[in-house]
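Below: the structure, in C-alpha cells.
In the numbering used here, the protein residues as written are 4 to 326.
Structure below.
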C-alpha cells in the first residue's frame, strides 16, 4: 500500500494525519526490523535522541553487576537531595524489547517530574537478544532495590513509588509489579501503562483486525520483538507464564493501574483484555482509549489536541499515585 493511500485511511484522526504522513515519508525506505537490521534501528534511535531540558537536573548512575545480571544505568531526574522526601516514578522506556534508550525519553520525563514535583528514575535496561527475560527481570528488581536503598540520600518517599511503562516498557513494569506482589517486599503505589506490550500471542497466534497495527508498530515487528526477547517462537504453549504479563497466572496484588491506548494501536485488544482482568481481580483500573490514534501517536504529533488530552490523563493518574 502506498504512503498516500495509507494516510488517507479515514480511521486515522484528521489532526494526526500530517505528522503521520511526514514520518512515513521519512521512513519510507527504512529496512525491515529483523536481526540483520537491528543495529541500524538502534543507531538511528541514538542519533535521534532528544535534547534535555535546561531547567530540570538529571544525572546518570551505574548499578553494578549482580547475581545473574549485568550492570546497567539509571537516569535520575529532578533529584533534590536537600529537600523534603518526594514521590518517585520508576520509568521503563519503549522499543519493542530490542531497542530504545532513556535519552529519547529524557525531555518528556523531565517535564513529567517537574509537573508532579517528583523524582523520575528511568531504567536503561538490557535489550534483547543480549538480555533475555530472567536477567531482565533481575535488572528491574535491582533498579527498584537500588532506589529503596538510596531513598534517604535522594530524598525519596518509599511509600509513594509508582511505575511507568511505555510500550515494551509496559511489559517490564507489569512483570516487576507482579514480582513485587509475589514477594511482598516493596509496595507499589500505582502503575501507569502507555499502550503496553503485554502479550506475545498478538501477531503470532492472534491476528489483529486489519485497521490495528498499520503504523509505528506492526504485527510482524511485534513477532520479531517477542521472538528475540523470549528466545523462542511467540505464541507457543511453552512460554513461561512469568515472562509475559498477559500469561500471568494471577494479577492479585497489583497496584491501581492506568492504561492508555489508541484504538488503531496493535495492542488495543490485549490492553483492553488486561484491563478487564485487572478489574475482575478487584484492582482499581482506569482504561483510557483514544479513537483514531495509532501507536505512540502523542510522540509523533505532540502538538495535537489528542496528545494534549492523552498527556493530561497520564499526569492525573500519576498524580493520584504520587500524592
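C-beta: ideal position from N, C-alpha, C; glycine also. Being a predicted model, the structure only gives us computed values, none of them experimental.
Name the one or two DSSP bridge partners that residue i has.
i, result
"residue 165", "92 and 193"
"residue 77", "64 and 126"
"residue 82", "According to DSSP, residue 82 bridges with nothing at all."
"residue 69", "72"
"residue 209", "205"
"residue 291", "263"
"residue 159", "89"
Give me, in chain order, the residues of the same chain whose beta-carbon lies closer than 8 Å to that of residue i; leave out the 5 immediate sequence neighbours on both sides.
i, result
"residue 100", "130, 131, 171, 174, 200, 228, 229, 231 and 232"
"residue 48", "98, 102, 103, 104 and 107"
"residue 85", "158"
"residue 236", "207 and 230"
"residue 6", "Reliability fails at residue 6, whose pLDDT of 37 lies under 50, so the model's placement of it is uncertain and the value that follows must be treated cautiously. Closer than 8 Å at Cβ, skipping near neighbours: 24, 27, 28 and 31."
"residue 242", "203, 233, 235 and 250"
"residue 67", "74"
What does a CB cutoff of less than 6 Å around residue i pick up in its chain, not counting 5 residues either side in sequence?
i, result
"residue 310", "301 and 304"
"residue 163", "90, 192 and 325"
"residue 161", "151 and 154"
"residue 394", "Residue 394 is absent from the model: the chain starts at 4 and stops at 326."
"residue 290", "262 and 278"
Measuring straight from C-alpha to C-alpha, what distance separates residue i and residue j?
i, j, result
"residue 123", "residue 319", "16 Å"
"residue 329", "residue 112", "Absent from the structure is residue 329, since the part of the chain shown begins at 4 and ends at 326."
"residue 17", "residue 202", "30 Å"
"residue 214", "residue 14", "8 Å"
"residue 256", "residue 181", "8 Å"
"residue 321", "residue 119", "8 Å"
"residue 185", "residue 20", "44 Å"
"residue 96", "residue 187", "25 Å"
"residue 262", "residue 109", "21 Å"
"residue 253", "residue 282", "12 Å"
"residue 218", "residue 308", "20 Å"
"residue 272", "residue 306", "27 Å"
Determine the extent of the beta strand (DSSP E) in which residue i is found, giving its start and end residues.
i, result
"residue 263", "260-265"
Kindly indicate the opening and closing residues of the alpha helix (DSSP H) around residue i.
i, result
"residue 177", "171-186"
"residue 105", "105-119"
"residue 48", "41-50"
State the CB to CB distance for the pair residue i and residue j, rounded to an integer number of angstroms; the pair is presumed to be in contact (CB under 8 Å).
i, j, result
"residue 317", "residue 297", "Not confirmed; about 17 Å, so no contact."
"residue 125", "residue 196", "Their Cβ separation, rounded to whole angstroms, is 16 Å, which puts residue 125 and residue 196 out of contact at 8 Å."
Could you name the residues of the same chain whose beta carbon sits closer than 7 Å to that of residue i, not counting the 5 residues immediately before and after it, in chain order?
i, result
"residue 11", "Its pLDDT being 48, under 50, residue 11 is placed unreliably in this model, and the coordinates cannot settle the point."
"residue 88", "158, 159 and 160"
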